[in-house]
Amino acid sequence: MTDDTKSSNAMWGGRFAAGPDAIMEAINASISFDKRLYAQDIRGSRAHAAMLAATGILSNKDAEAIGEGLLTVLSEIEGGDFPFSTALEDIHMNVEARLKELIGEPAGRLHTARSRNDQVATDFRLWVRDQADAAIAALTALMKVMVAQAEKGADWVMPGFTHLQTAQPVTWGHHMMAYVEMLARDRSRFEDARKRMNECPLGSAALAGTGFAIDRHMTAEALGFDRPTANSLDAVSDRDFALEFLSASAICAVHLSRLAEELVIWSSAQFRFVAMSDKWSTGSSIMPQKRNPDAAELIRAKIGRILGATVALFTVMKGLPLAYSKDMQEDKEQVFDAADTLMLALAAMTGMMADLTVNTDKLEAAAANGFSTATDLADWLVREAGLPFRDAHHVTGTLVAMAEEKGCDLPDLTLEDMQSVHPALNSSVYDVLGVHNSVASRQSYGGTAPDQVRAQVARWKGLLG
Ligand code: ARG
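Per my numbering: the sequence shown = residues 655 to 1119.
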């Protein structure tokens, strides 16, 4: 409604003679997206009403009517036949207005000793907390799949890369476990963020607290928070819990994008290290031979949305004076989209990794290419011939150049060839030139040797249960 004759808002319009302009309504309303907070909003209101009754601020009769009425609203929303109204701005006022239709006068008493400012801060914390829990569970599921991949391939040899150039042989298991470490840190970031966000803003009211003798510990406990927040200004005006969730999501998405990129490379015709199952690939409408790793590509790209949301909310919050400002209504869509995106990416990665076929022959052949055991040869010269590492490096470099010139690999050089470069070289050097010997020798803690990988697999299986 655009004309001035429209009545003012039923919730806050006491001092207004006319309703808002249609464009004002459009920019002001959040119901189109914050309806996602309906369950949290109703849960918070029920806890608030029960507390108001327990402290004698509300009669038991009114509190009961409110509690019951809110359950009716909940089932109406869940049944999909709730008439959400833009004129009522947001989820908080939509729920309250419907409650009034259902139970009449007592509905007007629910908003005693609270404000939408502490209400939305509470609802949103509850929602983000649920998402943190979901992220923790999804990361745990992905870690289990990665550990299973590592266990299967603890001694499969593959090329390890630096600069995407073959560097030294590593094991498939070691590569998989690298991601387990990253995902574990991601998980702990969500756990940390959850701990810090788990304080209840409800009862902070608009910004200064309330003159009613409320029991904030009671509502905090009812809503599963560790304690009430200790400063009402802070409680209604910070969204750092959402920023932490987004930051943790962005870092996690960076990790997922790197694994996704590796899957894209590894599944290419040039590599063929892995094959995605039919469930996780798509064909081309024109090129019959194609098997495209679309899911991996999309996971690789999804970081853009998550990082975008993170930057957006940081920008919204920067420089906002205390306490609440309407700017903060812009927090929700960003977090909703980032959370949805992250959950989808985690689920897709888990499915893809569980179904992945690994071409161990290709891995092993590639591992031996590109003089990948040159470092092992240099180490042999240090260990067996007492050369300083720098000299050993030089000798090995000369041997690599010789092999390159002959168009062969290091183990294909004859002992004569080798000794022409350094007389201390003897036939036992060939033992370290094989890729299996190479990885088996890397026994330092956290190294790529199959024994080390198996030890890490066992540790993580114990931790993940
Ligand atoms: N829809 C609002 C938000 O998401 C609720 C809080 C409104 N508070 C206010 N004083 N206008 O931020």
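Glycine residues also receive a C-beta, built at the ideal position from the N, C-alpha and C atoms.
Computed from a predicted structure; not experimentally measured.
Quiz item: Based on the DSSP output, what are the partners of M644 in its beta bridges?
Solution: This structure cannot speak to residue 644, because the chain is shown only from 655 to 1119.
Exercise. Alpha carbon to alpha carbon, how far is Q822 from A907? Give it in angstroms, no decimals.
Key: Roughly 28 Å between the two C-alpha positions.
Quiz item: Is it a yes or a no for the stretch 1024 to 1042 touching the stretch 932 to 945, going by three-plus beta-carbon pairs under 8 Å?
Solution: Contact between the stretch 1024 to 1042 and the stretch 932 to 945 is absent: fewer than 3 CB-CB pairs across the two stretches fall below 8 Å.
Quiz item: Hey, which unbroken runs of the beta strand (DSSP E) at 3 residues or more fall wholly within the stretch 971 to 1047?
Solution: Whole beta strand (DSSP E) segments, 3+ residues: zero.
Quiz item: If L900 sits next to A804, beta carbons under 8 Å apart, how far is it from one beta carbon to the other, in whole angstroms?
Solution: Not quite, the Cβ-Cβ distance comes to about 30 Å (not below 8 Å), so this is no contact.
Practice problem: May I ask you to report which of helix, strand or coil DSSP gives C1062? | Solution: Look at C1062 here: in three-state DSSP terms it is coil, with no helix or strand label.
Quiz item: Is DSSP giving A862 helix, strand or coil here?
Solution: Three-state DSSP puts A862 in coil, outside helix and strand.
Quiz item: Skipping 5 residues on each side, what residues in its chain have a beta carbon closer than 7 Å to that of E984?
Solution: Hits under 7 Å: V970.
Practice problem: With F736 as the anchor, note down where its beta strand (DSSP E) starts and where it stops. | Solution: No beta strand (DSSP E) holds F736; DSSP gives it neither H nor E.
Quiz item: What is the DSSP secondary structure of P882, counted as helix, strand or coil?
Solution: In this structure, P882 counts as strand in the three-state DSSP scheme.
Exercise. Evaluate the contact criterion for the stretch 1002 to 1021 versus the stretch 797 to 815: three or more CB pairs, one atom per stretch, below 8 Å.
Key: Segments in contact, yes.
Exercise. Pick helix, strand or coil for N1091, following the three-state DSSP scheme.
Key: Here N1091 sits in helix by DSSP.
Practice problem: For D688, decide whether its Cβ has a neighbour in chain C, counting only Cβ atoms nearer than 7 Å. | Solution: In the structure shown, chain C does not exist; there is a single protein chain.
Self-check item: The alpha helix (DSSP H) enclosing G698, as first and last residue numbers
Solution: For G698, the enclosing alpha helix (DSSP H) covers residues 692 to 708.
Quiz item: With a CB to CB cut of under 6 Å and the five nearest residues on each side skipped, what residues in its chain are close to D657?
Solution: Residue placement at D657 is flagged as unreliable, the pLDDT there being 40, under the threshold of 50; the coordinate-derived value follows with that caveat. Annotation for D657: no residue places its beta carbon closer than 6 Å to its own, counting only its chain and skipping 5 residues before and after.
Exercise. Measure the alpha-carbon distance for R912 versus R954 and round it to whole angstroms.
Key: Taken atom to atom, the span from the alpha-carbon of R912 to that of R954 is near 7 Å.
Practice problem: Assign G814 to one of three DSSP states: helix, strand, or coil. | Solution: Strand, per DSSP.
Quiz item: If you draw a straight line from the alpha carbon of E679 to that of A717, how long is it in whole angstroms?
Solution: If I take the Cα positions, the gap works out to 32 Å.
Exercise. Taking all protein chains shown into account, decide if W920 is buried (16 or more other Cβ within 10 angstroms of its Cβ) or exposed.
Key: Here W920 is buried. Its C-beta has 16 or more other C-beta atoms within 10 Å.
Practice problem: Specify whether the stretch 743 to 754 and the stretch 781 to 794 touch according to this definition: at least 3 beta carbon pairs, one from each stretch, less than 8 Å apart. | Solution: By the criterion of at least three beta-carbon pairs nearer than 8 Å, the stretch 743 to 754 is not in contact with the stretch 781 to 794.
Quiz item: Since Q1110 sits in a beta bridge, which residues does DSSP pair it with?
Solution: Looking at the DSSP output, Q1110 sits in no beta bridge, so it has no partner there.
Quiz prompt | D744 beta carbon near the ligand ARG (any heavy atom closer than 6 Å) | solution = The answer is yes for D744.
Quiz item: Do the stretch 705 to 722 and the stretch 664 to 679 make contact, defined as three or more Cβ pairs closer than 8 Å?
Solution: No contact exists between the stretch 705 to 722 and the stretch 664 to 679.
Self-check item: Best match in A792, S699, S922 for proximity to M872 [C-alpha to C-alpha]
Solution: Of the listed residues, the one whose Cα sits closest to M872 is S699.
Quiz item: Would P1042 be called buried (16 or more neighbouring beta carbons within 10 Å of its own) or exposed?
Solution: Note on P1042: under 16 other CB atoms within 10 angstroms of its CB, so exposed under the neighbour-count rule.
Quiz prompt | Whether A1094 touches A1103 by CB criterion (7 Å) | solution = With contacts defined as CB atoms closer than 7 Å, A1094 and A1103 qualify as a contacting pair.
Quiz item: Can you name the start and end residues of the beta strand (DSSP E) that T820 belongs to?
Solution: Boundaries of the beta strand (DSSP E) around T820: 819 to 825.
Quiz prompt | Residue burial classification, F778 (beta-carbon count within 10 angstroms, cutoff 16) | solution = Per the 10 Å Cβ criterion, buried.
Quiz item: How about V970: is its Cβ closer than 6 Å to a heavy atom in the ligand ARG?
Solution: No, the ligand ARG has no heavy atom inside 6 Å of this Cβ.
Self-check item: Bounding residues of the alpha helix (DSSP H) (the contiguous stretch that carries A1138)
Solution: The displayed coordinates of the chain run from 655 to 1119. Any statement about residue 1138 would go beyond what the structure contains.
Quiz item: Would you say the beta carbon of R893 comes nearer than 6 Å to a heavy atom of the ligand ARG?
Solution: Here the distance from the Cβ of R893 to the nearest heavy atom of the ligand ARG is not below 6 Å.
Practice problem: Select from T1052, P737, A949 the residue whose C-alpha is nearest the C-alpha of M930. | Solution: For the residues T1052, P737, A949, the minimum Cα distance to M930 belongs to A949.
Self-check item: Assumed close pair S1092, V1086 - CB separation to whole angstroms, cut-off 8 Å
Solution: At roughly 7 Å, the Cβ-Cβ gap stays under 8 Å, so S1092 and V1086 are in contact.
Practice problem: Measure the alpha-carbon distance for I905 versus T964 and round it to whole angstroms. | Solution: Rounded to the nearest angstrom, the gap between the Cα atoms of I905 and T964 is 11 Å.
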